[in-house]
Amino acid sequence: MAEEQQIRNIYCIGRNYRMHAIELGNEIPKSPLVFTKPSHAVAAMDGELLPIPGDRGAVHFELEIVLRVGKPLSPGMNADECIDAMTLGLDLTLRDVQSRLKEKGQPWLEAKGFKASAPLGRWLPYPGEEGLKDLSFTLIRNGEQAQLGNSSDMLFPVSKLIEHIDRLYGLGQGDLIYTGTPEGVAALNDGDVLEAFWGKQLVGSNRIKLV
66 MAEEQQIRNI YCIGRNYRMH AIELGNEIPK SPLVFTKPSH AVAAMDGELL
116 PIPGDRGAVH FELEIVLRVG KPLSPGMNAD ECIDAMTLGL DLTLRDVQSR
166 LKEKGQPWLE AKGFKASAPL GRWLPYPGEE GLKDLSFTLI RNGEQAQLGN
216 SSDMLFPVSK LIEHIDRLYG LGQGDLIYTG TPEGVAALND GDVLEAFWGK
266 QLVGSNRIKL V
């Protein structure tokens, strides 16, 4: 298991799976669509209750591969070399709030950056960009499959995401990259049990508590 370290910047990629963009009626991006979450959005997928807002409209789940940066990307370095661990995480989204913000042309922070909006499973060794394609990831809700994805379906592969983010914003030790979600997102209900699987391996789980 990869050791823990302090989390710094959290970069997230929107619409990186074609079918997810289509299911929400969004255009397919021509370059990576990057937004951020504050570090206090992080929560543990440790099997415990996860309190999230229940009074601001629908909260959608989005399961994603999450990469952790172990060292800065230096000239001549392969993009893969700066990643030291991976896990699965949820990009929880206040969808009604996001829709209002998009209509006004405003940033998504209120919809994407609330407390506990970035639950993370336990860290695993990073298998490299090609190794990610060996296994699919799955979100199980209340015993039934809700999402199924594979990195081979990403519009922008891991190396492209790393290079793009580093060029525009910089990457350093402890930064996280949420790489986008496949189709199947939906609203959460109070009491829902979510389980995130990497292949057949349970990486994290929570029971949802709307507050």
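For this note's numbering, add 65 to where a residue sits in the sequence shown, where the first one is 1. Every residue, glycine too, gets a C-beta built ideally from N, C-alpha and C. Since this is a predicted model, take the numbers as computed values, not measurements.
Contact the region 135-151 vs the region 188-204: 3+ CB pairs below 8 Å:
Inter-segment contact for the region 135-151 and the region 188-204 is present: three or more beta-carbon pairs are separated by less than 8 Å.
Is it a yes or a no for the region 243-259 touching the region 127-142, going by three-plus beta-carbon pairs under 8 Å?
The answer is yes - the region 127-142 touches the region 243-259, with three or more Cβ pairs under 8 Å.
Identify the continuous alpha helix (DSSP H) that holds Asp161 and give its terminal residues.
Position 96 of the sequence shown, counting from 1, holds the residue named residue 161. Looking at the DSSP string, the run of the alpha helix (DSSP H) that includes Asp161 is 160-169.
Identify, in the order they occur along the chain, each residue of the same chain with its Cβ nearer than 6 Å to the Cβ of Glu92, setting aside the five sequence neighbours on each side.
To locate residue 92, count along the sequence shown from 1; it is residue 27. None.
Spatial neighbours of Ser216 within its chain, please: CB distance less than 8 Å, with the 5 preceding and 5 following residues excluded, ordered by chain position.
The residue given as residue 216 occupies position 151 in the sequence shown. Close CB contacts of Ser216 within its chain, under the 8 Å cut and outside five residues either way in sequence, are with Ile130, Glu194, Leu197, Lys198, Pro222, Val223, Thr244 (chain order).
Does Ser201 come out as helix, strand or coil in the three-state DSSP assignment?
For this step, residue 201 is matched to residue 136 along the sequence shown. DSSP, reduced to helix, strand and coil, places Ser201 outside both helices and strands of the structure shown, so it counts as coil.
Going by C-alpha to C-alpha distance, which of Leu138, Val134, Asp120, Arg272 sits closest to Gly208?
For the purposes of this step, residue 208 is taken as residue 143 along the sequence shown, with counting starting at 1. Ranking the options by Cα distance to Gly208, first place goes to Arg272.
Going by DSSP, what residues sit across from Thr152 in a beta bridge?
Counted from its first residue, the sequence shown places residue 152 at position 87. Partner(s): Val131.
Compare the C-alpha of Leu89 against each of Asp120, Pro116, Thr158 and name the closest.
Stepping through the sequence shown from its first residue, residue 89 is reached at position 24. Selected option, being the one with the closest Cα: Thr158.
Which class does Arg272 belong to by DSSP, given the choice of helix, strand or coil?
Numbered from its first residue, the sequence shown carries residue 272 at position 207. In the structure shown, Arg272 sits in a strand (DSSP, three-state: E or B).
Work out the CA separation of Asp120 and Glu146 for me, nearest whole Å.
As a working mapping, residue 146 is identified with position 81 in the sequence shown. As a working mapping, residue 120 is identified with position 55 in the sequence shown. Each residue's alpha carbon lies about 43 Å from the other.
Check each candidate in Ile72, Thr101, Gly235 and name the one with the smallest Cα separation from Phe179.
Locating residue 179 in the sequence shown gives position 114, counting from the first residue. Selected option, being the one with the closest Cα: Thr101.
If you draw a straight line from the alpha carbon of Glu228 to that of Gly135, how long is it in whole angstroms?
Reading the sequence shown from its first residue, position 163 is the one you call residue 228. Reading the sequence shown from its first residue, position 70 is the one you call residue 135. Approximately 15 Å between the Cα atoms of the pair.
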